[in-house]
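Reading through the structure tokens given below for one structure.
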């Protein structure tokens, strides 16, 4: 099992979710491990069409200023940190 989150690269905690880089509704089958808070942030930030356009290009997702701010904010949090996603 992977030891780091696909989005933020922090170590994974006890709770791990599986994200489809290409949404299932767009034909995606592959999954990557991700923190629940990172997963929710992705889906709050991007539509399924946008996620499908990114595909598995996580570097492009990280380059988005909204995700960049999120990653900087969460960088020093514990692996199982949770907060409400706005």
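Numbering (my numbering), first residue to last: 926 to 1011. Note that beta-carbon positions come from the ideal geometry of N, C-alpha and C, so glycine has one too.
Query raised in the report: Sorted by chain position, which residues of the same chain lie with C-beta nearer than 6 Å to residue 950's C-beta, five sequence neighbours on each side aside?
Result: Taking the first residue of the chain shown as 1, we reach residue 950 at position 25. Counting only Cβ-Cβ distances below 6 Å, and skipping sequence neighbours, we find 973.
Query raised in the report: What's the C-alpha gap between residue 1009 and residue 984?
Result: Your numbering for residue 1009 matches position 84 in the chain shown. Your numbering for residue 984 matches position 59 in the chain shown. Cα to Cα, the separation comes out at about 25 Å.
**Report entry** Rounded straight-line distance, which links the Cα of residue 944 to that of residue 1002
**Finding:** Walking along the chain shown from the start, residue 1002 turns up at place 77. Walking along the chain shown from the start, residue 944 turns up at place 19. If you take the alpha carbons of residue 1002 and residue 944, they lie about 21 Å apart.
Query raised in the report: residue 959 lies in the beta strand (DSSP E); which residues open and close that run?
Result: Counting from one through the chain shown, the residue named residue 959 turns up at place 34. Per DSSP, residue 959 belongs to the beta strand (DSSP E) from 957 to 959.
Query raised in the report: Measuring CB to CB, does residue 935 end up less than 9 Å from residue 960?
Result: To locate residue 935, count along the chain shown from 1; it is residue 10. To locate residue 960, count along the chain shown from 1; it is residue 35. Yes, Cβ-Cβ distance for residue 935 and residue 960 is below 9 Å.
**Report entry** residue 929, DSSP secondary structure in three states
**Finding:** The count along the chain shown starts at 1 and reaches residue 929 at position 4. The answer is strand: DSSP assigns residue 929 an E or B state.
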